[in-house]
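For what it's worth, full-length UniProt numbering labels the leading residue of the sequence shown as 1, then goes sequentially.
Everything below concerns the one structure shown next.
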Amino acid sequence: MSGRCEWTVKKSKLARKTHNPIRHIIENLDLRPNPEKQMIALSIGDPTIFGNLRAPPTVIDALEDSLSSFRFNGYGPATGFDSAKQAIAEYTSTHTTPVYSEDVVLCSGCSGAIDLAISVLAEAGQNILVPCPGFSIYKTLAEGLDISVKEYKLKPENDWEVDLDDLERAIDDNTAALIITNPSNPCGSVYSDRHLRDIVQVAARHFVPIIADEIYEHLVFKGETFVPIADVSNEVPVLKCSGLTKRFLIPGWRVGWIVVHDRQGILSKEIRGGLQQLATRILGCNTLVQGAIPQILRETPQSFYDETVEFYQNNANIAYELLSVVPGLKPIMPKGAMYMMVCVDMRNFPGIKNGLDFVSQLVCEESVFPLPGECFSYPGYFRIVLSVPEEMLEAACRRISDFCDRHYNRKPILISACPD
Ligand SMILES: *Cc1c(COP(=O)(O)O)cnc(C)c1O
1 MSGRCEWTVK
11 KSKLARKTHN
21 PIRHIIENLD
31 LRPNPEKQMI
41 ALSIGDPTIF
51 GNLRAPPTVI
61 DALEDSLSSF
71 RFNGYGPATG
81 FDSAKQAIAE
91 YTSTHTTPVY
101 SEDVVLCSGC
111 SGAIDLAISV
121 LAEAGQNILV
131 PCPGFSIYKT
141 LAEGLDISVK
151 EYKLKPENDW
161 EVDLDDLERA
171 IDDNTAALII
181 TNPSNPCGSV
191 YSDRHLRDIV
201 QVAARHFVPI
211 IADEIYEHLV
221 FKGETFVPIA
231 DVSNEVPVLK
241 CSGLTKRFLI
251 PGWRVGWIVV
261 HDRQGILSKE
271 IRGGLQQLAT
281 RILGCNTLVQ
291 GAIPQILRET
301 PQSFYDETVE
311 FYQNNANIAY
321 ELLSVVPGLK
331 PIMPKGAMYM
341 MVCVDMRNFP
351 GIKNGLDFVS
361 QLVCEESVFP
371 LPGECFSYPG
381 YFRIVLSVPE
391 EMLEAACRRI
401 SDFCDRHYNR
411 KPILISACPD
């Protein structure tokens, strides 16, 4: 029998503990753009918002075919249709690392894949290791589940390679997984084969499985190579999270997946079974888009991929050239993805209190809005997106330059906090 005598409907602990730090920081920023200047938002990691980058015809045709076939209006299996999983397995296989359809779990976006990967490996009271600077969703997902997040440092002076000593120090008996983001949001870094092997060795020494957020796989600039971390891991199991979102320019379609790599059978029944179980919490992901996956992955021409990467690389060159001569700024050239981190030598901007204030004042005077490093747990930097049209990016960089010229200390303190 119930002893209730009034309504008290409270939100759950999961809801209470779920926070999106980016939203929180932005809501508390004083953002009043200069009405004289058109706003240029360099903040949003969605390549479709400016309309200059569009999904290729193969992607649109594939969805139209899926729709008109009437074959993809019903429910599919919880982990996805075998036809979609087969195509993803082919797309993901390399000559050293074959992938089979039973290794694939379809999810709602790559963030859905990361959610599943964290949930299957970790539980309340444990911790996961995340990069700093890093994408905030790991923290949002983990903390809701009472899984704590321990950050390991990346080294800006070394193209954002992992500080391996710091990583090793962070591992303890409660560490359930190590998250690696490669190529990186927010850094645009792309790790070498050598560096990935070093990371895997640390994980192997402490028996920690890896969650590889590879949503930017293949988005690497000319001369760089994308190496999936699973390719260099013999022993350490890897849950690779990826999807169609960034490379195919369709973030709203919500297609992601996990690929289980496990050469030694460490995850066999336990974790694979756990993924199957968790996948049944929702009755599978969008089937219409699953119907389009084989055609998208098999028929999109290389020229589309090349053009997208060329566009980002060209923008990276433009921003780097314009910002590297600005007093008080130090851009770090990315090797892939669609972002650039810029170091701000804060001590030489006497009228600006901190990184958040830098962005507020920049919006107020120049109507240019990069994301403050605080959003990635990394004060002293801001992140710009490289998906904006070239002319807009140029205009934005010039305005940032004017802003810094006005605010930079005339007699600068000699030691800069930015890397050489
Ligand atoms: C954009 C992004 C995601 C989320 O991808 P969705 O498929 O939209 O859920 C995951 N990880 C990183 C690093 C991203 O930048």
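Note that beta-carbon positions come from the ideal geometry of N, C-alpha and C, so glycine has one too.
{"Asked": "From Val104 to Leu121, what distance separates their C-alpha atoms?", "Found": "16 Å"}
{"Asked": "Tell me which residue opens and which closes the alpha helix (DSSP H) that Glu6 is part of.", "Found": "Counting along the chain, Glu6 falls outside any alpha helix (DSSP H), and DSSP gives it neither H nor E."}
{"Asked": "Looking at ligand 1, does it come within less than 7 Å of Asn20, judged from the CB to the closest heavy atom?", "Found": "no"}
{"Asked": "Is it a yes or a no for the region 211-227 touching the region 176-188, going by three-plus beta-carbon pairs under 8 Å?", "Found": "yes"}
{"Asked": "Using a Cβ-Cβ cutoff of less than 7 Å, which residues in the same chain neighbour Pro389 once the five nearest sequence positions on both sides are dropped?", "Found": "Phe50 and Asn52"}
{"Asked": "Any heavy atom of ligand 1 closer than 7 Å to the Cβ of Phe376?", "Found": "no"}
{"Asked": "Heavy atom of ligand 1 less than 7 Å from the Cβ of Ile210, yes or no?", "Found": "no"}
{"Asked": "Ignoring anything shorter than 3 residues, give me the beta strand (DSSP E) runs that lie fully in the region 168-256, in order along the chain.", "Found": "175-181, 210-213 and 238-243"}
{"Asked": "Around the C-beta of Thr225, are 16 or more other C-beta atoms found within 10 angstroms, so that it is buried, or is it exposed?", "Found": "exposed"}
{"Asked": "Flag this pair as touching only if the region 255-263 and the region 225-245 have three or more C-beta atom pairs under 8 Å; answer yes or no.", "Found": "yes"}
{"Asked": "The beta strand (DSSP E) spanning Ser148 covers which residue range?", "Found": "Ser148 to Lys155"}
{"Asked": "Please return the same chain residues whose Cβ sits closer than 6 Å to the Cβ of Phe81, not counting the five positions on each side in sequence.", "Found": "Gln290"}
{"Asked": "From the DSSP output, in three-state form, read off Ala41 for me.", "Found": "strand"}
{"Asked": "Over the uninterrupted beta strand (DSSP E) stretch that includes Leu329, give me the two end residues.", "Found": "Leu329 to Ile332"}
{"Asked": "For a test of the three-state rule: what should DSSP assign to Met341, helix, strand or coil?", "Found": "strand"}
{"Asked": "Is Pro251 close to ligand 1? I mean its beta-carbon at under 7 Å from any heavy atom of the ligand.", "Found": "yes"}
{"Asked": "Should Lys335 go down as buried or exposed, given a rule of 16 or more other Cβ atoms within 10 Å for buried?", "Found": "buried"}
{"Asked": "Answer yes or no: the CB of Ser111 versus the heavy atoms of ligand 1, is any distance below 7 Å?", "Found": "yes"}
{"Asked": "Assign Tyr378 to buried or exposed, taking buried as 16 or more other Cβ atoms, counted over all protein chains shown, within 10 Å of its Cβ.", "Found": "buried"}
{"Asked": "What I want to know is whether the C-beta of Lys85 ends up closer than 7 Å to one or more non-hydrogen atoms of ligand 1.", "Found": "no"}
{"Asked": "If you draw a straight line from the alpha carbon of Asn20 to that of Pro47, how long is it in whole angstroms?", "Found": "21 Å"}
{"Asked": "Mind the definition here: the region 29-42 touches the region 365-372 only if three or more C-beta pairs lie below 8 Å; say whether that holds.", "Found": "yes"}
{"Asked": "Quick one, which of Ala87, Arg398 and Val190 has its alpha-carbon nearest Leu106's?", "Found": "Ala87"}
{"Asked": "Between Tyr305 and Glu161, what straight-line distance do the alpha-carbon atoms span, to the nearest angstrom?", "Found": "26 Å"}
{"Asked": "Does DSSP put Gly336 in a helix, in a strand, or in coil?", "Found": "strand"}
{"Asked": "Using CA atoms only, rank isn't needed, just tell me which of Arg54, Leu164 and Tyr339 is closest to Leu219.", "Found": "Tyr339"}
{"Asked": "Please list the terminal residues of the continuous alpha helix (DSSP H) segment that includes Val363.", "Found": "Gly355 to Glu366"}
{"Asked": "Nearest CA to the CA of Ala117: which residue from Ser83, Phe72, Ser189 and Leu278?", "Found": "Leu278"}
{"Asked": "Please state whether DSSP places Pro35 in a helix, a strand or coil.", "Found": "coil"}
{"Asked": "Output yes or no for whether 8 Å exceeds the beta carbon distance between Ala78 and Leu288.", "Found": "no"}
{"Asked": "Between which two residues does the alpha helix (DSSP H) carrying Ile266 extend?", "Found": "No alpha helix (DSSP H) contains Ile266, which DSSP labels as neither H nor E."}
{"Asked": "If you measure between the beta carbons of Pro156 and Cys343, is that distance less than 8 Å?", "Found": "yes"}
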